[in-house]
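Scroll down for the structure; my scribbles are underneath it.
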Amino acid sequence: MLNIKELKKTDLHCHLDGSLSATTLSHFLHRTPDFSELSVDDSCTSLTEYLKKFDLPLHCLQTKANLELAAYTFLKELAADQMKYIEVRFAPTLSTQDGLSCEDVIESVLRGLEKGKSETGIDYNVITCAMRHFAPEQNMQLLDSMEKYVGHGVCALDLAGDESKFPNPLFHELFEEARHRKIPFVIHSGETGNVENVRTAMEYGAARIGHGLALIQDPDLMQEIARRGIGIEMCPTSNLQTHAIDSWNNYPLDTFLHAGVKVSVNTDNRTVSNTTMAHELERIQKLYGSDDIIRQVIKNAEETAFKNL
Numbered sequence: 001m002l003n004i005k006e007l008k009k010t011d012l013h014c015h016l017d018g019s020l021s022a023t024t025l026s027h028f029l030h031r032t033p034d035f036s037e038l039s040v041d042d043s044c045t046s047l048t049e050y051l052k053k054f055d056l057p058l059h060c061l062q063t064k065a066n067l068e069l070a071a072y073t074f075l076k077e078l079a080a081d082q083m084k085y086i087e088v089r090f091a092p093t094l095s096t097q098d099g100l101s102c103e104d105v106i107e108s109v110l111r112g113l114e115k116g117k118s119e120t121g122i123d124y125n126v127i128t129c130a131m132r133h134f135a136p137e138q139n140m141q142l143l144d145s146m147e148k149y150v151g152h153g154v155c156a157l158d159l160a161g162d163e164s165k166f167p168n169p170l171f172h173e174l175f176e177e178a179r180h181r182k183i184p185f186v187i188h189s190g191e192t193g194n195v196e197n198v199r200t201a202m203e204y205g206a207a208r209i210g211h212g213l214a215l216i217q218d219p220d221l222m223q224e225i226a227r228r229g230i231g232i233e234m235c236p237t238s239n240l241q242t243h244a245i246d247s248w249n250n251y252p253l254d255t256f257l258h259a260g261v262k263v264s265v266n267t268d269n270r271t272v273s274n275t276t277m278a279h280e281l282e283r284i285q286k287l288y289g290s291d292d293i294i295r296q297v298i299k300n301a302e303e304t305a306f307k308n309l
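For the record, in the sequence shown the residue sitting at position 109 is 109 according to full-length UniProt numbering, with numbers rising by one throughout.
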C-alpha cells in the first residue's frame, strides 16, 4: 500500500477560516480555545452545528495583521502534511466588519501566504468566496475588488453559504459577469441534495464544483460533467460530519470515478473537521482498499487545479 504520509499532496478545497490552528487562534485570543469551540468529530449532528465553529476564527480575522499572520501560519503548518500546492479560499467581505476593504483583506492574506511560500516552498493560489446570503451588490463589489488580483495570487471566484435557502439560479447575474470578465469560478453545489444546483453550476460555466454529492442522482448529468472535464471537489470527512452523506457505504466517490468524473479529495476545513490531507487520503485508501483510487484522485487534483486550466 502507498505510504500516504510521504506523498506530495494537492488540496483544492480548503477554507482559511475553517483551518486556523488552535496555536494560531491562541495568539489572537490570548487564551487556548477548547476543541469544542473550533472542531467537530464524526458525532456532529448537523450542518448548523458544524457552521458554528467558524464564529471564533472570523472574529479574529478583522485586522490586516491578523489576516497576514493567519495566512502565514496556515501555509507553514501545511509543510507537515507534505503539501505541494493548495488553493485556499475565504470570503473577504466577512473580514470587513471593522472597516477594512476587500482589497485590504485580499492583500493581507496574499502577503502572509507569500511569506509562508518563501519559507516552505509550498505553492498556492487564492479563491475568493461570494456568499449566498449577501445582497447581490455585495457580491458584485467583491467581483470588482478581486478582479485585479486574478493571475497575481488569486485564481478564481467561488460561491459559498446555505445552498438550500439560496439556490444557484439566484446568482445567474454574478456568474454571467464573471464569465464576461473571464474570471474563472467554482461553485459549491450539490452538498445539500439539490442536483439542479449541480446542473446550473455546469451551465453557468463552472470549471469545478464544490462537493457535488447530489450528482449521484442523475447518471446522464454525471456523464456530461465527465465529458466536459469539470472537476468535483469532494471532502470526505466534512461530508460525513455535515450529514451530506449518511454513511461511508453510500459515499459516491468510486461511482463518480468509474463514470470518468475528475474527482479530487480535499480537506474542506482542516480545523473544523480536525483533518489533514493525509487523513482524507488514508480514509479513502481504507474505504476502497485501493491505491489506484489514490493515484487517480491525486492526478485529478493536479489536472483540475486552476493553475493548470
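In this text, a Cβ means the ideal position worked out from N, Cα and C, and glycines have one as well.
According to DSSP, M83 shares a beta bridge with K9.
Contact between the region 6–13 and the region 49–64 is not established, with fewer than three Cβ pairs separated by less than 8 Å. Excluding its 5 nearest sequence neighbours in each direction, S164 has C-beta neighbours in its own chain below 6 Å: T192, listed in chain order. Restricting attention to alpha helix (DSSP H) runs no shorter than 4 residues, the region 241–292 encloses them at 253–258 and 277–288, ordered along the chain. Note that the C-beta distance between V126 and E68 is not below 9 Å. A contact is defined here as three or more CB-CB pairs under 8 Å, and the region 246–254 fails this definition with respect to the region 29–42. In terms of Cα proximity to G112, the closest of A301, R181, T63 and L142 is T63. By a beta-carbon distance limit of 8 Å, I232 does not contact A206. Their separation comes to about 10 Å. Take the alpha-carbon of M202 and the one of D42: they are about 31 Å apart. When DSSP reads this structure, C14 sits in a beta bridge with V88 and D268.
G231 carries a strand assignment under DSSP once its states are collapsed to helix, strand and coil. With a 10 Å radius around the Cβ and a threshold of 16 neighbouring Cβ atoms, E176 comes out exposed. Shown here for T271: same chain residues with a beta carbon closer than 7 Å to its own, the five before and five after excluded, namely G18, S19, L20, S21, L38 and S39 in chain order.
For Y124, the enclosing beta strand (DSSP E) has its first and last residue at D123 to M131.
In the three-state reduction of the DSSP assignment, L159 falls in the strand class, which pools E and B.
Only residues of its own chain outside the window of five on either side were considered, and among them L20, L25, F28, L29, N66 and A70 have a CB closer than 8 Å to the CB of C60, listed in chain order. Distances from the alpha-carbon of Q223 to those of T73, N239 and V198 put V198 closest. By the neighbour-count criterion, in which 16 or more other beta carbons inside 10 Å mark a residue as buried, T23 falls on the exposed side.
The beta carbon of H15 is closer than 6 Å to those of R89 and N269 in its chain, skipping five residues each way along the sequence. Of the candidates N308, T237 and N168, T237 places its Cα closest to the Cα of L287. Short of 7 Å from the beta carbon of K307, and not among the five residues preceding or following it, lie these beta carbons of its own chain, in chain order: N125 and C155. Contact between I4 and E302 does not hold, since the beta-carbon distance rounds to 16 Å and is not under 8 Å.
Take D158, set aside five residues on each side of it, and the residues of its chain with a beta-carbon closer than 6 Å to its own are R89, I127, C129 and V186, in chain order. The three-state reading of DSSP puts S189 in strand, counting E and B together.
The continuous beta strand (DSSP E) containing I209 extends over residues R208 to H211. Per the C-alpha coordinates, the member of D218, R208 and I245 positioned closest to I230 is R208.
Annotated as distal: P219 and S145, with beta-carbon spacing of 9 Å or more. Following the DSSP letters along the chain, one finds V105 inside the alpha helix (DSSP H) bounded by residues C102 to T120.
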